[in-house]
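S.K.: In the numbering used here, the protein residues as written are 334 to 717. Glycine included, C-beta positions come from ideal geometry on N, C-alpha and C. One structure is given below, represented as structure tokens, and several questions about it will come after.
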């Protein structure tokens, strides 16, 4: 994001605030309840969205140093991410090519080779098959080169490790971001590291949890005991970048920020930004850190949610005061999102009651309708 855009966004929000107005779409829209409950639709979403589009698999700091590795489940895909001795990141399916066992059981570590726990077929961290016990006798003529680990497209960009779940070609991240590349460069996530990380499951459809981050209408009510008082009431803006959404939520200090000379104003100090990277990741951007929220579907009414707080890489978390600061920040995020996710579970339960055939999105909830239409467009494209 360039400086001109930053100033223009601040002025747009200040103008709405001064006019006591809202950022409004043209019409009220509805979303059928079946979008959040239908098992058949859920299966199509997992295939068309989570198995076909590039995805953020990890932050670069999670593969810190040569020969680092980590394992992860991405909506049913078992992943093995590695960094080789040259520093290049790779992504594979975490599955042995012999009899299909899960290859690596640990969450993370540092290793150059991986031996299957079943028969000890061994692979290096570039995916090559390197060892087969009694291979000459048992597997004469086997094409080892063809039986390396199943490679997924992988590219490291803007401080994140991205994968292409549907093939071995590295994804075009700038193309996928569709105009947000400049924002990602501005965010400089590569200068951060994960200092706190929590994963849990929620009894709600993944879209309900994702939609909670697309509007501020609920802030003063749902978050009255946490962050609500620190934000303007129902004031936010959004913009689409292809499939993705950038939302901006001004903090209560917006007026004080606008009273500063233009050259001193800061969008990150005066607002929270939310980058919703379709389909599963949301980046909550604050003045000095970023929270990565990832919602991965398990079932129509079950979602695994990961929350990771990223702080400056030079933060000395061994220092008690620094550790306390980041622990407090992460705790505030956890409490706030627990409020959102608890309501999300309540919504999911209510959907099954028959009380509503559809949900209603107001004119200041337009980003939800745009998100729904993006999901529908991807499903339609996958069927053609």
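I'd like the list of long-range same chain contacts for residue 663, defined as Cβ closer than 6 Å, with 5 residues on each side in sequence excluded.
M.R.: Residue numbering aside, residue 663 sits at position 330 when the chain shown is read from its first letter. Hits under 6 Å: 529 and 642.
S.K.: Would you report the Cα separation of residue 434 and residue 482, rounded to the nearest angstrom?
M.R.: By 1-based counting over the chain shown, the position of residue 434 is 101. By 1-based counting over the chain shown, the position of residue 482 is 149. Their Cα atoms are separated by approximately 12 Å.
S.K.: Which runs of the beta strand (DSSP E), 3 residues or longer, sit entirely within the stretch 457-514?
M.R.: Fully enclosed beta strand (DSSP E) runs of 3 or longer: 462-464, 484-490 and 493-497.
S.K.: On the CB-based measure, 16 or more other CB atoms within 10 Å of its CB, does residue 361 come out buried or exposed?
M.R.: Taking the first residue of the chain shown as 1, we reach residue 361 at position 28. With fewer than 16 other Cβ atoms within 10 Å, it is exposed.
S.K.: For residue 637, which residues in the same chain have their Cβ closer than 6 Å to its Cβ, ignoring the five residues on either side in sequence?
M.R.: For the purposes of this step, residue 637 is taken as the residue at position 304 of the chain shown. Within the same chain, residue 637 has close Cβ partners 534, 629 and 631.
S.K.: I'd like to check one pair, residue 606 with residue 625: are the Cβ atoms closer than 9 Å?
M.R.: Mapped onto the chain shown, residue 625 falls at position 292. Mapped onto the chain shown, residue 606 falls at position 273. Not a contact, by the Cβ cut-off of 9 Å.
S.K.: I need the boundaries of the beta strand (DSSP E) containing residue 312, first residue and last residue.
M.R.: Absent from the model: residue 312. The displayed extent of the chain is 334 to 717, so no value can be given.
S.K.: Write down the C-beta distance between residue 554 and residue 570 rounded to the nearest angstrom, noting that I regard them as a contact closer than 8 Å.
M.R.: Counted from its first residue, the chain shown places residue 554 at position 221. Counted from its first residue, the chain shown places residue 570 at position 237. Residue 554 to residue 570, Cβ: 20 Å. No contact.
S.K.: If you drop the 5 nearest sequence neighbours on each side, which residues of the same chain put their C-beta closer than 6 Å to that of residue 527?
M.R.: Sequence index remark: in the chain shown, residue 527 carries index 194 (1-based). The answer, listed in chain order, is 392, 394, 641 and 643.
S.K.: With distance defined between alpha-carbon atoms, name the residue in 617, 678, 515 and 510 nearest to residue 339.
M.R.: If you number the chain shown from 1, residue 339 lands on position 6. Nearest of 617, 678, 515 and 510 to residue 339, Cα basis: 515.
S.K.: Name the two residues that bound the continuous beta strand (DSSP E) containing residue 642.
M.R.: Position 309 of the chain shown, counted from the first residue, corresponds to residue 642. Here the beta strand (DSSP E) through residue 642 covers 635-645.
S.K.: Let me confirm a value: residue 577 is counted as buried when at least 16 other C-beta atoms fall within 10 Å, else exposed. Which label applies?
M.R.: The sequence position of residue 577 within the chain shown is 244, counting from 1. Buried, because 16 or more other Cβ atoms sit within 10 Å of the Cβ of residue 577.
S.K.: Measuring alpha carbon to alpha carbon, tell me which residue in 375, 384, 447 and 423 is nearest residue 407.
M.R.: On the chain shown, position 74 is the one that residue 407 refers to. It is 384 whose Cα lies nearest to the Cα of residue 407.
S.K.: Excluding five sequence neighbours on each side, which residues of the same chain lie with their C-beta closer than 8 Å to the C-beta of residue 620?
M.R.: Taking the chain shown and counting its residues from 1, one reaches residue 620 at position 287. Here the set comprises 599, 601 and 602.
S.K.: Alpha carbon to alpha carbon, what distance is there between residue 349 and residue 314?
M.R.: No answer is possible for residue 314: the residues shown for the chain start at 334 and end at 717.
S.K.: With a CB to CB cut of under 7 Å and the five nearest residues on each side skipped, what residues in its chain are close to residue 493?
M.R.: Position 160 of the chain shown, counting from 1, holds the residue named residue 493. Answer for residue 493: 389, 392, 393 and 522, listed in chain order.
S.K.: Could you name the residues of the same chain whose beta carbon sits closer than 7 Å to that of residue 466, not counting the 5 residues immediately before and after it, in chain order?
M.R.: Looking up residue 466 in the chain shown gives position 133. Counting only Cβ-Cβ distances below 7 Å, and skipping sequence neighbours, we find 452 and 453.
S.K.: From this set, 552, 367 and 423, which residue's C-alpha is nearest residue 488's C-alpha?
M.R.: Taking the first residue of the chain shown as 1, we reach residue 488 at position 155. Here the closest residue by C-alpha is 423.
S.K.: In its own chain, which residues sit with a C-beta less than 7 Å from the C-beta of residue 556, not counting the 5 before and 5 after it?
M.R.: One-based indexing of the chain shown puts residue 556 at position 223. So the list reads 669 and 672, once near-sequence residues are dropped.
S.K.: How far does the alpha helix (DSSP H) with residue 348 in it reach, from first residue to last?
M.R.: Counting from one through the chain shown, the residue named residue 348 turns up at place 15. Residues 336-352.
S.K.: DSSP on residue 719, reduced to helix/strand/coil?
M.R.: In this structure the chain extends from 334 to 717, so residue 719 is not present and cannot be described.
S.K.: What residues match up with residue 578 in a beta bridge as DSSP calls it?
M.R.: Within the chain shown, the letter at position 245 stands for residue 578. For residue 578, which the question treats as bridged, DSSP gives the partners 573 and 609.
S.K.: Rounded to whole angstroms, what is the Cα-Cα separation between residue 579 and residue 618?
M.R.: Start at 1 with the first residue of the chain shown, and residue 579 comes out as number 246. Start at 1 with the first residue of the chain shown, and residue 618 comes out as number 285. Spanning the two alpha carbons is a distance of roughly 11 Å.
S.K.: Near residue 358, what residues of its chain come up, given a Cβ to Cβ distance below 6 Å and the 5 sequence neighbours on each side ignored?
M.R.: In the chain shown, counting from the first residue as 1, residue 358 sits at position 25. So the list reads 696 and 699, once near-sequence residues are dropped.
S.K.: At the level of alpha carbons, what is the spacing between residue 477 and residue 426?
M.R.: As a working mapping, residue 477 is identified with position 144 in the chain shown. As a working mapping, residue 426 is identified with position 93 in the chain shown. Their Cα atoms are separated by approximately 17 Å.
S.K.: What is the DSSP secondary structure of residue 437, reduced to helix, strand or coil?
M.R.: In the chain shown, the residue the question calls residue 437 occupies position 104. In the structure shown, residue 437 sits in coil (DSSP, three-state: anything other than H, G, I, E or B).
S.K.: Quick check on residue 651: does DSSP put it in helix, strand or coil?
M.R.: Counted from its first residue, the chain shown places residue 651 at position 318. Reduced to three states, the DSSP call for residue 651 is coil.
S.K.: How would you label residue 443, buried or exposed, when you count the other beta carbons within 10 angstroms and need 16 or more for buried?
M.R.: Here residue 443 refers to the residue found at position 110 when the chain shown is read from its first residue. Exposed.
S.K.: Count the other C-beta atoms from every protein chain shown that fall within 10 angstroms of the C-beta of residue 337, then say buried if there are 16 or more, exposed otherwise.
M.R.: Start at 1 with the first residue of the chain shown, and residue 337 comes out as number 4. When all chains shown are included, residue 337 counts as exposed.
S.K.: Determine the DSSP secondary structure at residue 681, reduced to helix, strand or coil.
M.R.: Start at 1 with the first residue of the chain shown, and residue 681 comes out as number 348. Residue 681 falls in the helix class under three-state DSSP.
S.K.: Under 9 Å between the Cβ atoms of residue 480 and residue 431?
M.R.: As a position in the chain shown, residue 480 is number 147, starting the count at 1. As a position in the chain shown, residue 431 is number 98, starting the count at 1. Yes. Within cutoff.
S.K.: Which residue wins for smallest C-alpha separation from residue 559, given the options 464, 536, 667 and 532?
M.R.: Looking up residue 559 in the chain shown gives position 226. Nearest C-alpha to residue 559: 667.
S.K.: Less than 9 Å separating the beta-carbons of residue 520 and residue 623?
M.R.: In the chain shown, counting from the first residue as 1, residue 520 sits at position 187. In the chain shown, counting from the first residue as 1, residue 623 sits at position 290. Yes.
S.K.: DSSP state of residue 520, grouped into three classes?
M.R.: Here the question's residue 520 lines up with position 187 in the chain shown. Note: residue 520 maps to helix in three-state DSSP.
S.K.: Provide the residue span of the alpha helix (DSSP H) that contains residue 593, from first to last.
M.R.: Mapped onto the chain shown, residue 593 falls at position 260. Careful: residue 593 lies outside any alpha helix (DSSP H) and carries neither H nor E.
S.K.: Relative to the C-alpha of residue 288, which candidate in 377, 584 and 611 has its C-alpha closest?
M.R.: Because the chain is modelled from 334 through 717, residue 288 falls outside the range shown and cannot be assessed.
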